[in-house]
Amino acid sequence: MQTILTGIRTNEEPTIGNFLGSYLPMIRLSHEHGANSNINMFIPDLHSFTTPIDHSKFYDQTIKGVKYYIAAGLDTDNPNIHIYRQSRVPAHCELAWILDCFTPFGEASRMTQFKEKSEEHKDSVTVGLFNYPVLMAADILLYDAKYVPLGEDQFQHLELARNIAIRMNNKFKEDLFTLPASEAEQVKFMHLEKALRIRSLTEPTKKMSKSSKNEKSKISLSDDPKAAAKKIMSATTDSEGVIRFDMINQPGISNLMLIEALFTNRELQDVISDYAGETRYGELKSKVADTVSHFLADFQEKVAGITDEQVEEVLAKGEAYANEVSNQKLQQVQKVLGLRK
Ligand code: AMP
Numbered sequence: 523m524q525t526i527l528t529g530i531r532t533n534e535e536p537t538i539g540n541f542l543g544s545y546l547p548m549i550r551l552s553h554e555h556g557a558n559s560n561i562n563m564f565i566p567d568l569h570s571f572t573t574p575i576d577h578s579k580f581y582d583q584t585i586k587g588v589k590y591y592i593a594a595g596l597d598t599d600n601p602n603i604h605i606y607r608q609s610r611v612p613a614h615c616e617l618a619w620i621l622d623c624f625t626p627f628g629e630a631s632r633m634t635q636f637k638e639k640s641e642e643h644k645d646s647v648t649v650g651l652f653n654y655p656v657l658m659a660a661d662i663l664l665y666d667a668k669y670v671p672l673g674e675d676q677f678q679h680l681e682l683a684r685n686i687a688i689r690m691n692n693k694f695k696e697d698l699f700t701l702p703a704s705e706a707e708q709v710k711f712m713h714l715e716k717a718l719r720i721r722s723l724t725e726p727t728k729k730m731s732k733s734s735k736n737e738k739s740k741i742s743l744s745d746d747p748k749a750a751a752k753k754i755m756s757a758t759t760d761s762e763g764v765i766r767f768d769m770i771n772q773p774g775i776s777n778l779m780l781i782e783a784l785f786t787n788r789e790l791q792d793v794i795s796d797y798a799g800e801t802r803y804g805e806l807k808s809k810v811a812d813t814v815s816h817f818l819a820d821f822q823e824k825v826a827g828i829t830d831e832q833v834e835e836v837l838a839k840g841e842a843y844a845n846e847v848s849n850q851k852l853q854q855v856q857k858v859l860g861l862r863k
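This is the structure:
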């Protein structure tokens, strides 16, 4: 049975960028393939403090992250759907160390996210921040996951995981690891034309990032719906005076059209046609503000209806599965390395 896998860190409140780029594709894929594929939706809690966080809130945020998966539409009654915390599955760290030793330093040093984040957190650049893509490779390779629905920012890390898998398969055993699909195949599998990148509301040339200090740049899943609508209304656009979909020259307004299309499950082209030749940016903004605030109100009501006990139950089941599968893979790796007979 093939495995489709993804994880979303919950150290900061996930944004609608995370929702549209990662939750939504995964939920759709779970509906499409959940009867005959493993759907692994894990919480990468060990990835969460590669940059400093508030640890006093961390546990509760993790539990909330699971509630978000369920509220987004993962069917927890489906035995093929597995929700687990990375930290409760020790094989992730054990395999990460092994993969470290087969990852050239130069290759890991090319990761643009490390370069960007170490620039942002100059006084706290840790080995963990550098090493995180290798842990991510372990997260994927342990489960032989072929499809990993991701936003655009993570594809370089996926490529690293592919390179590690190719190198180890060539050196040790052809079928040691399933090779994750290439970016082009992943995007096609998600029914997209290209990987998604929801932009910042204030600086639309950049991605909407949950770690941004500027609250106006992002809409978090826990934002008050009315406050979120205001952020959309004050989103940075341009002075062209006509609504066109052009991510290079009019990224702000284009970003809003993309958000509208994704939340309403409409073809982007149809939304673009609705506004063709339109000059009043305010109308588009009001429509998007309405869509996003309705989504948030509905989503937050669903989250509030999920109990901690429900989460504990789902995690106990998911973590038993994850330990069983990952330990088998780890043992195969230990054998070929000569750590085990
Ligand atoms: P992270 O925020 O790094 O935990 O990312 C979790 C998932 O959300 C990954 O698949 C990212 O690619 C995706 N993601 C994060 N930000 C965005 C964004 N602005 N647009 C689209 N996808 C995103």
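Residue numbering for the sequence shown follows my numbering, starting at 523 and increasing by one per position.
No residue lacks a Cβ here, since even glycine has one placed at the ideal position from N, Cα and C.
Owing to the predicted nature of the structure, the values given are computational and were not obtained by experimental measurement.
- Please list, in chain order, all residues of the same chain as Y843 whose beta carbon is under 6 Å from its beta carbon, the five residues on each side excluded. H604
- Message: On the CB-based measure, 16 or more other CB atoms within 10 Å of its CB, does M563 come out buried or exposed?
- Response: Taking every protein chain shown into account, the CB of M563 has 16 or more other CB atoms within 10 angstroms, so this residue is buried.
- Query: Cβ atoms of T532 and T584: under 9 Å apart, would you say?
  - Reply: yes
- With a 10 Å radius around its C-beta and 16 neighbouring C-beta atoms as the bar for buried, classify G804 as buried or exposed. So G804 ends up on the exposed side.
- Query: Between I565 and the rest of its own chain, which residues show a CB-CB distance below 7 Å, the 5 nearest in sequence each way excluded?
  - Reply: G529, T532, T584, G587, V588, R607 and Q608
- Task: Quick one: measure Cβ to Cβ for L617 and L664, integer angstroms, because I've assumed they're closer than 8 Å.
- Result: 6 Å
- Query: Does the beta-carbon of S756 have 16 or more other beta-carbons within 10 angstroms, so that it is buried, or is it exposed?
  - Reply: With fewer than 16 Cβ atoms within 10 Å of its Cβ, S756 is classed as exposed.
- Query: Do I592 and Q832 have their C-beta atoms within less than 9 Å of each other?
  - Reply: yes
- Message: Could you compute how far the alpha carbon of E534 sits from the alpha carbon of K732?
- Response: 6 Å
- Query: Under a three-way DSSP split, which group does N777 fall into?
  - Reply: helix
- Task: Consider the C-beta atom of L672 and the heavy atoms of the ligand AMP; say whether any pair is separated by less than 8 Å.
- Result: yes
- Message: Here's a check: name, in chain order, each residue in its chain whose Cβ is nearer than 8 Å to the Cβ of K735, leaving out the five neighbours to either side.
- Response: Excluding residues within five positions, none has a Cβ falling inside 8 Å.
- Query: Does the segment 758 to 773 touch the segment 664 to 681, meaning 3 or more C-beta pairs lie closer than 8 Å?
  - Reply: no
- Identify whether H816 lies in helix, strand or coil by the three-state DSSP scheme. helix
- Bridge partners - K729, DSSP secondary structure assignment: R721.
- Please name the residue in S559, N692, P773 and E674 whose C-alpha comes closest to that of Q708. E674
- Message: Tell me the DSSP secondary structure of L527 in three-state form.
- Response: Residue state, collapsed to three classes: strand.
- Message: Going by beta-carbon coordinates alone, are I781 and I720 separated by less than 9 Å?
- Response: yes
- Item | Spatial distance of P747 from F580 (CA atoms) | For P747 and F580, the distance between alpha carbons rounds to 24 Å.
- Leaving out five residues before and five after T727 in sequence, what residues of the same chain have Cβ atoms less than 8 Å from its Cβ? R721 and P773
- Name the one or two DSSP bridge partners that R607 has. I565
- Task: Find out if the Cβ-Cβ distance for the pair T758, L723 is shorter than 9 Å.
- Result: yes
- Message: Given the structure, does L542 come close to the ligand AMP, in the sense that its CB is under 8 Å from one of the ligand's heavy atoms?
- Response: yes
- Message: Quick check: the Cα distance between Y590 and V825, rounded to an integer number of angstroms?
- Response: 6 Å
- Task: Determine the burial state of L527: buried for a count of at least 16 other Cβ atoms within 10 Å of its Cβ, exposed for fewer.
- Result: L527 is buried by the Cβ-count criterion.
- Where does T537 fall in DSSP's three states? strand
- Does DSSP put N845 in a helix, a strand or coil? Correct three-state label for N845: helix.
- How close, in whole Å, do the beta carbons of N602 and I575 come, if the pair is a contact with beta carbons under 8 Å? At roughly 32 Å, the Cβ-Cβ gap does not stay under 8 Å, so N602 and I575 are not in contact.
- Message: Since A659 and A683 should fall inside the 8 Å C-beta cutoff, what is the C-beta to C-beta distance between them, to a whole number of angstroms?
- Response: 4 Å
- Leaving aside the five residues before and after F694 along the sequence, list all residues of the same chain whose C-beta is less than 6 Å from its C-beta, in chain order. V858
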